[in-house]
């Protein structure tokens, strides 16, 4: 049982180069090996890794009809899918890119809001080592900061001052 839990909370997704360097089919594919998705739920005061969000199949994304118009989900609860990229230096691993994407879910009416172009932009920004969390509410930023810091203190310490400052606002 504990092994399954450890695997679910790991910061990784796709391993190895499917092309093995030959540059054929899939040669232009971006590797998501170092990216993970963290769900920040300010309603329940929690943050957790949910790797199914990488494929739009997280627990909060299931069994709802999606719209890209926020006003169509007026009673939706706020959640953030945070795209976290991890890099390694000679000193060790660190959070290199962190970008948060908003979703709103109304379970009662089975409706939800997500703007996919924003999610893609934020995933790309995270992969490029950018920090994009200034649009998050203060409470959600604190939940994310506490989660990342407690998940791996060494990774947090090696992370950029920009990330620490943005999450401490």
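In the numbering used here, the protein residues as written are -15 to 153.
Glycine included, each C-beta is placed from N, C-alpha and C at the ideal position.
What you are looking at is a predicted structure, and each value in this text was computed from that prediction instead of being measured.
In its chain, beyond the 5 residues on either side, 44, 48, 60, 61, 63 and 96 have a beta carbon closer than 7 Å to the beta carbon of residue 89.
Taking 9 Å as the cut-off, the beta carbon of residue 81 is found no closer than this to the beta carbon of residue 33.
DSSP places residue 105 in the helix class (H, G or I) of the three-state scheme. Contact between the segment 137 to 150 and the segment 100 to 112 is absent: fewer than 3 CB-CB pairs across the two stretches fall below 8 Å. Here residue 28 carries a coil assignment [DSSP, helix/strand/coil].
If only complete runs of 3 or more residues are kept, the segment 89 to 152 shows the beta strand (DSSP E) at 95 to 98, in order along the chain. Taken through DSSP and simplified to helix, strand or coil, residue 37 comes out as helix. Note: residue 76 is bridge-paired with 73 in the DSSP secondary-structure output.
Here DSSP, grouped into helix, strand and coil, assigns residue 86 to strand.
As the crow flies, the alpha-carbon of residue 147 is around 15 Å from that of residue 77.
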